[in-house]
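Residues in the sequence shown are numbered from 1 upward in steps of one, following the UniProt record's numbering. Just below is one structure, and these are the notes that go with it.
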Amino acid sequence: MGIQTLADLGKSGIIKDVQPQELPVSAWSDGINIRFRDGGVERMKGELQVFATPSVTPYWLQPYYQGGKRWWIHAGLSAIYADDGMTRVNITPSPAPTGGVDNRYTGGVLNGVLVANNGVDAPWYWGGTGVMLALPGWTAGMKAASLRPFKNVLVALDVNKSGTRYGQMVKWSDIAAPGAVPQSWDQTDKTKNAGEVDLAEEPSLMVDQMPLGDVNVIYKENSMYAMRAVGGTEVFAFQRLPGSVGALGKGCIAQTPFGHVVLTHGDVIIHSGQGPKSIISGRMRQWLFRQIDAVNRGRSMVLANPPVKEVWICFPELGKEYCSLACCWNWEEDTWSIRRLANVTCGGVGQLDSGTTNTWASQNYAWQDAAQAWNEDPLSPAQERLLIGNSSPVINAVEITGTLNGAAYASTAERTGLALGSPDTVKTVRGLRFRALGSMGTKIQIEVGGQMSMEQPISWAAPVTHTIGANTYGQIDTFANGRFIGVRVTSLDNQPWRFQSYDTDFVVTGRY
């Protein structure tokens, strides 16, 4: 007889690029809707609808704070709306947008003014009243694949001038006055600070951009450049950054305290301007790129989830039209997990008024399914929060409640390939001692399995229900036999739970 404690189970996260029998005890070979932090394994919280059902499928979400209101902008293919949780305003410009699903929006807030661009039409701006208007000074017939604010200017990438594409061009506006948008893009006017340059040292096309500290990092398909304000007649200086990697598509960059996390054409990297470092290689990289749908890979996106210190690599699985899974990297724990998504089309990070959803009468889930205490404010106005839009259409805030807008979801952690000593000996598992933290009465399903060889399928024993608080020792009576043992933990209700260790009760029965 032997009792082996498997501890520190939140240390390594999910690792799918290594065969299970080669993994450390603290790693998990599979899982869904779980995360790893503070040394433990825990169930992810759910999602809650935060605005009235959109009248269009949202393809862009952007927070905008103006006039004492926390607006959230959502853009469809031919209409744009502003919503503060109490009032929805149609701010669609005239003529209306004409882009398609794959004409991804870019934009942001410059000097307190919202700017939006779909790469097909001339860009628009909105100051908090009326409807969106065409950007003044924008050259007729000009388009830009990416348009975003940097300091007091707007920066356009991959510029098309009257049908001629300049795929390596960076073009910037004149300096905008406070509370206004730039009035000129004329690079020939020496009285203005507008300009343009081709970054053609490396031949790939421009993709997107994001500020990093005091510089604007410009991402091409296979390289990165730093755009730095230098003043004088040059206005900006450009420097190629180390590495031969770029961004997979627009929206594939996220800001973290440690730098930019970028989904490239074959990796997920982090950098702070000093050279890219893979954060997924040897753990999830091969698995991730085998799952991404080749046709719709450009709809992938990278989203920060600040409350839980995660970056989500959202992507459409094989055969899917929109993002259906997210590989989630915790930047404090350096662990990976996987979350199921429901046809996500866009996402954004910003503040949200707690009054938007935080009344019991407005909730679409049972009180017992709330994942927070009644006096806990899950939508603190000071807390930046991740919002996601999907094709339903709906806009949800994540990490709220124990359901997906009232619908149950399963959370599962699975580990196979546990040798429990020598992989040459056969073990008979007679039970587990499972220690979980959660509300009294929360139910969790435990399964134990065995296999004689990793090349054979695992044989799972009948599932056992563990009820938190019902058993002093957390005893799970079960049976499994094999050289390699598996353990699977699955949620049975909508309550949060976490665990850090469990004991395995087994005997070695020989080599055969």
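All C-beta atoms, glycine included, are put in the ideal place defined by N, C-alpha and C.
Residues that residue i bridges to, as DSSP identifies them
i           : result
TYR64       : TRP71
GLU384      : In the DSSP output, where bridge partners are listed per residue, GLU384 has none listed.
LEU205      : Per DSSP, none; premise fails for LEU205.
PHE506      : GLY2, VAL429
ASN216      : PRO211, MET227
ASN330      : GLU310, THR335
ARG88       : ASP83
HIS260      : GLN255, HIS271
ASP30       : GLU414
SER422      : Paired residues: none, contrary to the question.
GLY40       : ARG37
ASP477      : GLY431
ASP198      : MET169
LYS16       : According to DSSP, LYS16 bridges with nothing at all.
ARG290      : None; ARG290 has no bridge partner.
GLY449      : TRP460, GLY486
LYS443      : THR467
residue 576 : The question about residue 576 has no answer, for the chain in this structure spans 1 to 512.
ASN390      : VAL344, VAL394
LEU352      : For LEU352, which the question treats as bridged, DSSP gives no partner whatsoever.
Own chain residues within Cβ distance below 6 Å of residue i, not counting five before or after
i      : result
LEU404 : GLY46, GLU47
ALA397 : LEU48, VAL50, ARG385, LEU387
TRP60  : ALA75, TYR105, CYS346
ARG228 : VAL215, ALA237
GLY107 : VAL115, ALA116, ASN117
LYS16  : MET284, TRP287
SER173 : VAL153, LEU154, PRO182, TRP185, ALA194
TRP374 : The pLDDT assigned to TRP374 is 40, lower than 50, so where the model puts this residue is not dependable; a value taken from the coordinates is nonetheless given after this. Answer for TRP374: no residue qualifies.
ASP443 : First, the residue type needs correcting, since residue 443 is Lys and not Asp in the sequence shown. Excluding positions up to five away in sequence, the list reads THR465, THR467, LEU492, ASP493.
Supposed contact pair residue j and residue i - C-beta distance, whole angstroms, cut 8 Å
i      : j      : result
PHE258 : ILE270 : 6 Å
THR5   : ASP503 : 5 Å
ILE292 : PRO316 : 7 Å
GLU447 : PRO463 : 5 Å
TRP336 : MET301 : Actually they do not touch by this definition, with Cβ atoms about 17 Å apart.
GLY137 : SER162 : 16 Å between Cβ atoms; not a contact.
GLY40  : GLN500 : 4 Å
Separation of residue j from residue i, as counted between CA atoms
i      : j      : result
GLU196 : ALA237 : 11 Å
GLU321 : ASN343 : 7 Å
ASN390 : CYS323 : 9 Å
ALA176 : PRO182 : 4 Å
GLN445 : GLY275 : 45 Å
PRO393 : PHE484 : 45 Å
LYS171 : ASN152 : 14 Å
GLN21  : ILE400 : 36 Å
GLY128 : LEU157 : 26 Å
ALA419 : ASP353 : 51 Å
GLY111 : ILE280 : It should be pointed out that residue 111 corresponds to Asn in this sequence rather than to Gly. Each residue's alpha carbon lies about 37 Å from the other.
GLY482 : ASP505 : 14 Å
TYR473 : ALA436 : 11 Å
LEU325 : MET169 : 34 Å
GLN209 : HIS466 : 49 Å
GLY431 : TRP460 : 13 Å
PRO457 : TYR219 : 44 Å
GLU414 : GLU310 : 21 Å
SER204 : THR233 : 28 Å
ILE32  : TRP72  : 30 Å
ASN358 : GLY85  : With a pLDDT of 46 at ASN358, under the threshold of 50, the modelled position of this residue cannot be trusted; read the value that follows with caution. The alpha-carbon atoms of ASN358 and GLY85 are separated by roughly 11 Å.
GLN239 : GLU42  : 43 Å
THR87  : GLY68  : 13 Å
LYS250 : GLY298 : 8 Å
LEU492 : ARG433 : 18 Å
GLY2   : LEU303 : 45 Å
TYR81  : ILE91  : 5 Å
LEU135 : PHE150 : 16 Å
Other residues of its chain near residue i: CB distance less than 8 Å, five sequence neighbours each side excluded
i      : result
GLY273 : LEU212, GLY213, VAL215, VAL217, ALA226, LEU241, GLY259
GLN351 : PRO63, TYR65, ARG70, PRO381, ALA382, GLN383, GLU384, ARG385
VAL308 : ARG35, ARG37, ASN330, GLU399
ALA180 : ASN111, VAL113
Close beta carbons around residue i, own chain, < 7 Å, minus the five adjacent residues each side
i      : result
GLY348 : LEU61, GLN62, PRO63, LEU387
ASP186 : LYS192, ALA194
LEU133 : PRO93, TRP124, TYR125
SER244 : ASN222, SER223
ASN494 : ASP369, GLY402, THR403, ALA408
GLU201 : ARG240
Residue i: CB within 7 Å of a non-hydrogen atom of the ligand ATP
i      : result
ASP267 : Annotation note on the ligand ATP: not contained in the displayed structure, which lists no ligands.
What runs of the beta strand (DSSP E), each 3 residues or longer, lie entirely inside the segment 296-324?
The segment 296-324 contains these whole beta strand (DSSP E) runs: 301-305, 310-315.
Just list the beta strand (DSSP E) runs in the segment 218-254, keeping only unbroken ones of 3 residues or longer that don't cross its boundaries, in chain order.
Inside the segment 218-254, DSSP marks whole beta strand (DSSP E) runs of 3 or more residues at positions 224-231, 235-240, from first to last along the chain.
Runs of 3 residues minimum, wholly inside the segment 108-191: which ones carry the beta strand (DSSP E) assignment?
You should have 113-117, 124-126, 142-150, 153-161, 164-172.
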